[in-house]
Structures are given as structure tokens and as C-alpha cells.
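For reference, the structure discussed in these notes is given below.
Number of protein chains: 2
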Amino acid sequence: MGNKKIEVTLGVEIGGTTTVFGLVDSSGKCYVEEKIQTRPHESPEFLFDQLFTKFGEIYNQVSDKYDMIGIGIGAPSANYYKGTIENSSNLNWKYVNVVELVKKYWDLPTVITNDANAAALGESKFGNARGMKNFIQITLGTGLGSGIFVDGNIVYGHDGFAGEIGHMTVEKNGRSCGCGRKGCLETYASTSGLVRTVLELLSLYNDDSVLHEIAPNELTSKLIYRAAINGDTIANMAFEATGQKLGEALANVVACFSPEAIILSEGVALAGDLIVRPTKHHMELNLLNLFKSKVDILLSGMPRGDVAILGASALIWHELMLEKDKKKLAMINN
Amino acid sequence: MGNKKIEVTLGVEIGGTTTVFGLVDSSGKCYVEEKIQTRPHESPEFLFDQLFTKFGEIYNQVSDKYDMIGIGIGAPSANYYKGTIENSSNLNWKYVNVVELVKKYWDLPTVITNDANAAALGESKFGNARGMKNFIQITLGTGLGSGIFVDGNIVYGHDGFAGEIGHMTVEKNGRSCGCGRKGCLETYASTSGLVRTVLELLSLYNDDSVLHEIAPNELTSKLIYRAAINGDTIANMAFEATGQKLGEALANVVACFSPEAIILSEGVALAGDLIVRPTKHHMELNLLNLFKSKVDILLSGMPRGDVAILGASALIWHELMLEKDKKKLAMINN
Numbered sequence: 001m002g003n004k005k006i007e008v009t010l011g012v013e014i015g016g017t018t019t020v021f022g023l024v025d026s027s028g029k030c031y032v033e034e035k036i037q038t039r040p041h042e043s044p045e046f047l048f049d050q051l052f053t054k055f056g057e058i059y060n061q062v063s064d065k066y067d068m069i070g071i072g073i074g075a076p077s078a079n080y081y082k083g084t085i086e087n088s089s090n091l092n093w094k095y096v097n098v099v100e101l102v103k104k105y106w107d108l109p110t111v112i113t114n115d116a117n118a119a120a121l122g123e124s125k126f127g128n129a130r131g132m133k134n135f136i137q138i139t140l141g142t143g144l145g146s147g148i149f150v151d152g153n154i155v156y157g158h159d160g161f162a163g164e165i166g167h168m169t170v171e172k173n174g175r176s177c178g179c180g181r182k183g184c185l186e187t188y189a190s191t192s193g194l195v196r197t198v199l200e201l202l203s204l205y206n207d208d209s210v211l212h213e214i215a216p217n218e219l220t221s222k223l224i225y226r227a228a229i230n231g232d233t234i235a236n237m238a239f240e241a242t243g244q245k246l247g248e249a250l251a252n253v254v255a256c257f258s259p260e261a262i263i264l265s266e267g268v269a270l271a272g273d274l275i276v277r278p279t280k281h282h283m284e285l286n287l288l289n290l291f292k293s294k295v296d297i298l299l300s301g302m303p304r305g306d307v308a309i310l311g312a313s314a315l316i317w318h319e320l321m322l323e324k325d326k327k328k329l330a331m332i333n334n
Numbered sequence: 001m002g003n004k005k006i007e008v009t010l011g012v013e014i015g016g017t018t019t020v021f022g023l024v025d026s027s028g029k030c031y032v033e034e035k036i037q038t039r040p041h042e043s044p045e046f047l048f049d050q051l052f053t054k055f056g057e058i059y060n061q062v063s064d065k066y067d068m069i070g071i072g073i074g075a076p077s078a079n080y081y082k083g084t085i086e087n088s089s090n091l092n093w094k095y096v097n098v099v100e101l102v103k104k105y106w107d108l109p110t111v112i113t114n115d116a117n118a119a120a121l122g123e124s125k126f127g128n129a130r131g132m133k134n135f136i137q138i139t140l141g142t143g144l145g146s147g148i149f150v151d152g153n154i155v156y157g158h159d160g161f162a163g164e165i166g167h168m169t170v171e172k173n174g175r176s177c178g179c180g181r182k183g184c185l186e187t188y189a190s191t192s193g194l195v196r197t198v199l200e201l202l203s204l205y206n207d208d209s210v211l212h213e214i215a216p217n218e219l220t221s222k223l224i225y226r227a228a229i230n231g232d233t234i235a236n237m238a239f240e241a242t243g244q245k246l247g248e249a250l251a252n253v254v255a256c257f258s259p260e261a262i263i264l265s266e267g268v269a270l271a272g273d274l275i276v277r278p279t280k281h282h283m284e285l286n287l288l289n290l291f292k293s294k295v296d297i298l299l300s301g302m303p304r305g306d307v308a309i310l311g312a313s314a315l316i317w318h319e320l321m322l323e324k325d326k327k328k329l330a331m332i333n334n
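If you read the protein sequences in the order shown, they are chains U and C. Just so we're aligned, residue 1 is where the first sequence starts under the working numbering, counting upward by one. Just so we're aligned, residue 1 is where the second sequence starts under the working numbering, counting upward by one.
Here it is, written out as C-alpha cells:
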């Protein structure tokens, strides 16, 4: 008599250099965790061959304990509706139908979304947004990624590409953005934005700063953070200015969505209160009265290492839950 | 043997001076249409006594033909979740539970929402957004009202007050807004915003303009429209500038929601192409590449006179449809 198997999903996140994957149960416990190199210049088939060969070996050894019921994939420029990755700047693939490709290896429910939405789903299922139906997840990495929950589900919009808060224009004729336009929020509120803000402040003020000693291309948000907690004026001003730009933009975002909370994660968010305090302050300052003191700014509640796998896994757990509801509805309709 | 009765809902819109109501079937046909004075300084009980006395008399005469199955109410500062009107600037009521109040007169499913959401629901059920699951409705009246559809439903947010696009800050230290802040979109993109833009342009340029002859408090969007189609430079520049501000803001809104279309109605929108063209132009100019040429700017498809009643009626039709789905789900779950 065998024990009942534990239901798990496979979470996969495809990054520009590394692809991570793992088996996760519905409580967020991660049982298997592995990574392979992405090699973005090879074909997608090459990546998935490698991925499922490695995963297959692992799963063979544990399939008596775990029952895999779905696959969730987070990837840059992924389209949830179409199951594709399109024109990703991090991967060299023009157009790949990832969901179709995966089905050649495992015939299980498979969903893909971009990494920012996966992060929001992770926060919703396993992190600090548990129980929240309306919240916004902001990733302050090299760029600014965002995933938006409205009424318990991700906002995908008409074409699957909604949630580009990082590309809201916040400064007319502002900083050049990787997208080809100017003044996007992510040119200010991101790790690269923080570095640019330091350079701007060094150009404006005469204050002594340890940041004068570091070449711009070696400047990181971690170094700026260390300088700030050691009392460096410029570094502290940089966090203040970053929080101001982010807080002002979030006041506009709140006017649209009226979320319960905004969750900051990764990169600049690792500075904790140094970024949360000015962000909250400037958001409140700019909010319509109706929304004042109603919206929390929280830090991510996800365990650091597993974020990507948990997010991708949460995507398919969320989908399976929605599917269950839909099937029930279809049953009674027939 | 009687004929089968036609199912209708009662749509009520409470305005600052007039309250309109009517019976509407599921195709948008309006059978009975009446209005009473709102008298905002009297109690809400006074209004509903009057309303249901008048409506009761009418309904008695037609109840053999129509079967009323629900009541939808549109009102300023209405909260969908709580069924209330709270701190409305147009009505003198601090806090009224409208849904409870209505139940004293008619025990039918009753829902309330603000006028902007009611307009979006009207557009969705009876107007130019039929079949669209993701769109944004913008009313360019004295202020700028907005109702946002995501995945087939209104975005209410955590507290019921989402969708305040008119109070996104678009100009730091810009024009004073009725909300007490500065630079809100509605101080530029609205009938009052259009008038302010004319005054600003008259202060900046020496061009001849018929608008020099009109006292600011007599200047209306209709007069500016007439001047514009007669070739008045300042009037044409005013529509161009209004479209620019609106288009730039909508580019940011699209980044959040990725809607299929944005629908403009009332006030400034009655100028048709004079406002649609510059709005579309400046929105496209500022869109992230991903969204370019994907989002339509449309004019309202609602019959002019009935907009308010149809919107309020659409609210309850939409709700009854959602309820039906939920009940089916509950049935199978039990």
C-alpha cells in the first residue's frame, strides 16, 4: 500500500544567462531545485532538450513520492494568452511557442507569463500578498517590472502585455530609456536608475562622497546602499530621490487601481526602509485625499533564493485553480 | 392567456440637480423615461419618496407588460462595495446607504456605482464597447470621469474607488484642481480644462480670436468648438493642446492596462475629430513600441439623451449576469 503522493507543479524561470527549475507543492515548499545555462544564442529546442533531460532524470527518482500536475514558466517577453516568447531582448529568439514546445516533452497543463507577473503570482500565493485581491508587485531590478492584481487575477489586458508601469513616462524629455523613449519610470526607479541618480547628484553637489571613488560602470545599488548606511550624503540623497520619483508615480498608479498594497522586491528594494520610507512619503504627499493612508508599501515576503521558481510555480497553481472553477461552471451549463 | 412579460431593469441616475430614471430591457430599449428634481439640500429619504411615488404610479400602469427584475443606480461618489454615497460634493449627504434605502421601497436586487463606471457599463452593454473585455471609458465633462474594464468587469480596486484617471498628476505644480492638489489631468482634459487652456493661450499669443470677446465665465466648450470650426487659431490650438495632454496621459494608462480601445464621451468629446485626432496622435507618439497602433480611440456609441439611464440600467444587467454565473458555481459546489 503506497502513501498518497504529494501534488507538485514544475516551476521554470528562463533568464538571460541561467534557467532555474524546481518542484513546488501548493504550500510553497520547494522539493527539487536545479539550474542549467540558458545559452540564449542556441535554439529554444536546445534549451528545452537540456532542461527536460536533466529534469527527467531527477523526476524518475522521485516520481513515487510526487505527482506533477502542471508546468508554470516565467520568461522575459512572454505572452500568457499565446503561450509564446516574442522579441525578447534577453534571448535571441524572435518567436517561440513555448507551451507547444513543452507539450512535446510533458503533456501537462502548461502556462507561461513574464517574470514580473510570475513574481506577483508568487507574492499572491506564497508571499506578502496572500489573501489580497488587489495589489501591485514592483520589481526594482536592472529595470522596473510590475505585475498587477485586480479582483484576484493578473491584469493581462487586451493583448497580454499590460502591467508596464516601468515604462510610464514620469519626466518629459527625461533620461534615455532602453525602450527608445525618454523619461520612463525605470530610468529612475531601478538599480540602474539609482546609479544614474548618484551620477546626477555628484554633478550637482560638492559634498564629499565615497561614491566619487568608484567608476560609474562599477557602481552598484549594493555599494550605494553601504555608503548610505555609513552616512554618505549623496548616497542618502539618491535613495530619497529614487523614492520620490517612485512615490509620485505610484500615486498615479493608485488613482487607477486603488490597490490594498504595493509590494517592492529585489534590487533597490533590498535597501529596505531606505527606499520604502521616501517612497511611502512621496506617494502619500501626492495621493488624492480619497486614497491617503489606505495603501501599504511592503517589502517582498518571498524567500530570497527561490523567488523565480516559486513565482513560476504559483502561475500554474493559480491557473489550475481558475480552471477548476471554469470546469465547474461548464459542467452545470451543459 | 397573457403574453410573456418583457424583463426590464430600472435605471436611475442621481445628478446634482436632476434625477432621471427609466425602464430598460436587455437590448437597451428604454420604455419609460422620467425625471424629478434632486433637491440636494433635502434628505435622501425625501428624494427616494418622490422618486418611488412617481415611479410607482407609472409602473402600476405598465406592470402587465413589464417584469422589473432589478435596480441600477448611478450617482456621484457612490461606492459599489458598500452600496453607499459618501461625501459627495454635488449632494449634501455625508453618508447614505442607498441600497438599504431602496430596499424599503422595492425588494429587488439593487446596485449602485459612480456615474463614470455606469457610463462604462452602458458603453459595454449597449454602446461602442460591446464585446470588449478590456477598455477604458473617459467622460470629458466639467471634470474627467473614467470607468475601466479589465477582463470583462469594472475595476473597483480594494475600496471601490479605483478609476480616478482624472486625478492622475500630469503637470507638477500645474493648474489648481478642485481636489485640492495641482496638475490633475482633469484640469486640462475636460470642458473646464478646455476653457482654462483658451485663457492660457490668449495670454501667450497675439492672434486675433473671437474668444477675446467672451467673458471667461461665459466661455463654453461649445463656443470654443464653434470658433474652431470657423477657423479660429486659438480655439484650434486649444483642442490640439487638450488632445496632447490627454494623449500623453493615455499613453501611461495604456502601459498599465493595455486596453483594446479608449472611448471618449460627452463635453469635449462632442467636438469629435477635433479632439480625437490630437489625442490619438499624441498617445501614439508617447506609447511604448509594444502598444503602438493597437489601441483605438473611439467616440461614445450611446444614444445622446438616454446615456445616464442606460448606464445605470447596464450596471444591474451586468450584475444579474455575474450573479447568475456565481449561483451556478455555488450550486455545483454544494
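C-beta atoms are modelled at their ideal positions from N, C-alpha and C, and glycine is treated no differently.
- With residue 194 of chain U and residue 242 of chain U assumed to form a contact (beta carbons below 8 angstroms), what rounded beta-carbon distance in angstroms separates them? Taking the Cβ atoms as the reference, residue 194 of chain U lies roughly 5 angstroms from residue 242 of chain U, within the contact range of under 8 angstroms.
- Sorted by chain position, which residues of the same chain lie with C-beta nearer than 6 angstroms to residue 354 of chain C's C-beta, five sequence neighbours on each side aside? Residue numbering for chain C in the displayed model covers 1 to 334; residue 354 of chain C lies beyond these limits and cannot be assessed.
- How should residue 330 of chain C be labelled, buried or exposed, when 16 other C-beta atoms within 10 angstroms of its C-beta is the threshold for buried? exposed
- Query: Along the chain, where does the beta strand (DSSP E) that runs through residue 97 of chain U open and close?
  - Reply: Annotation: the continuous beta strand (DSSP E) that includes residue 97 of chain U extends over 95–97.
- Item | Range covered by the alpha helix (DSSP H) that runs through residue 280 of chain U | 273–286
- Query: Around the Cβ of residue 229 of chain U, are there at least 16 other Cβ atoms within 10 angstroms (buried) or fewer (exposed)?
  - Reply: exposed
- Item | For residue 285 of chain U and residue 72 of chain U, the rounded distance between their alpha carbons | Rounded to the nearest angstrom, the two C-alpha atoms are 39 angstroms apart.
- Nearest-angstrom Cα separation, counted from residue 102 of chain U out to residue 65 of chain U: 23 angstroms
- Message: For residue 66 of chain U, list the residues DSSP reports as bridge partners.
- Response: DSSP, once it has assigned bridges, lists U/6 as partnering residue 66 of chain U.
- Count the other CB atoms within 10 Å of the CB of residue 29 of chain U; is the residue buried (16 or more) or exposed (fewer)? exposed
- Task: Less than 8 angstroms between the CB atoms is what I'm expecting for residue 261 of chain C and residue 298 of chain C, so what's the real figure, rounded?
- Result: 5 angstroms
- Which chain C residues are close to residue 168 of chain U, counting only those with a beta carbon under 8 angstroms from its beta carbon? 252, 255, 256
- Task: With DSSP collapsed to three states, give me the class of residue 189 of chain U.
- Result: Coil, per DSSP.
- Message: Within the continuous alpha helix (DSSP H) that includes residue 222 of chain C, where are the two ends?
- Response: 221–229
- Message: Quick check: what's the CA-CA separation for residue 1 of chain C versus residue 63 of chain C?
- Response: Low per-residue confidence applies at residue 1 of chain C: pLDDT is 46, beneath 50, and the placement is therefore not dependable, though the value from the model is reported in the following sentence. If you take the alpha carbons of residue 1 of chain C and residue 63 of chain C, they lie about 16 angstroms apart.
- Item | Amino acids of chain U, ordered along the chain, whose beta-carbon sits closer than 7 angstroms to that of residue 200 of chain C | Residues of chain U with a Cβ closer than 7 angstroms to the Cβ of residue 200 of chain C do not exist; the shortest Cβ-Cβ separation is about 17 angstroms.
- Under 7 angstroms, do residue 308 of chain C and residue 20 of chain C count as touching if we go by C-beta distance? Taking a C-beta distance under 7 angstroms as the contact criterion, residue 308 of chain C and residue 20 of chain C qualify as a contact pair.
- Contact belief for residue 151 of chain C with residue 133 of chain C at Cβ below 8 angstroms, rounded distance in angstroms: 6 angstroms
- Task: Identify the continuous alpha helix (DSSP H) that holds residue 126 of chain U and give its terminal residues.
- Result: 115–126
- Query: Leaving out five residues before and five after residue 143 of chain U in sequence, what residues of the same chain have Cβ atoms less than 8 angstroms from its Cβ?
  - Reply: Counting only Cβ-Cβ distances below 8 angstroms, and skipping sequence neighbours, we find 166, 178, 186, 190, 192.
- Can a CB atom of chain C be found closer than 7 angstroms to the CB of residue 98 of chain U? Taking a beta-carbon distance threshold of 7 angstroms, residue 98 of chain U does not count as an interface residue toward chain C.
- Indicate whether the contact test is met: 3 or more Cβ pairs, each with one atom in the segment 118–138 of chain C and one in the segment 252–271 of chain C, closer than 8 angstroms. Put simply, the segment 118–138 of chain C touches the segment 252–271 of chain C. At least three CB pairs are less than 8 angstroms apart.
- Task: Using alpha carbons as the reference points, say which of C/224, C/269, C/51 lies closest to residue 335 of chain C.
- Result: Residue 335 of chain C is absent from the structure shown; chain C starts at 1 and stops at 334.
- Which chain C residues sit within Cβ distance under 7 angstroms of residue 216 of chain U? Neighbours of residue 216 of chain U in chain C, taken as residues at a C-beta separation under 7 angstroms, are lacking, since the least C-beta distance is about 27 angstroms.
- Item | Three-pair Cβ contact test at 8 angstroms for the segment 35–42 of chain U versus the segment 2–11 of chain C | no
- Item | Within chain U, the residues that residue 123 of chain C reaches when beta carbons sit closer than 7 angstroms | Those within 7 angstroms of residue 123 of chain C in chain U number zero; the least Cβ separation is about 15 angstroms.
- Give the residues of chain C in contact with residue 150 of chain U, contact being defined as C-beta atoms less than 7 angstroms apart. The contacting residues are 150, 155.
- Residue environment, residue 205 of chain U, which counts as buried when at least 16 other CB atoms sit within 10 Å: exposed
- Would you mind telling me which residues of chain U sit closer than 9 angstroms to residue 158 of chain C, beta carbon to beta carbon, in chain order? 132, 133, 134, 135, 257, 258, 259, 260, 261, 294, 295
- Taking Cβ positions only, does residue 288 of chain C come closer than 7 angstroms to chain A? Any reference to chain A falls outside this structure, whose protein chains are U and C.
- Rounded C-alpha distance that separates residue 146 of chain C from residue 255 of chain C: Within the model, the alpha-carbon separation for residue 146 of chain C versus residue 255 of chain C is close to 16 angstroms.
- Neighbour list for residue 162 of chain U in chain C, Cβ cutoff strictly below 7 angstroms: 256, 257, 258
- Could you pull out every residue in the same chain whose Cβ sits closer than 8 angstroms to the Cβ of residue 159 of chain C, ignoring the five residues on either side in sequence? 79, 81
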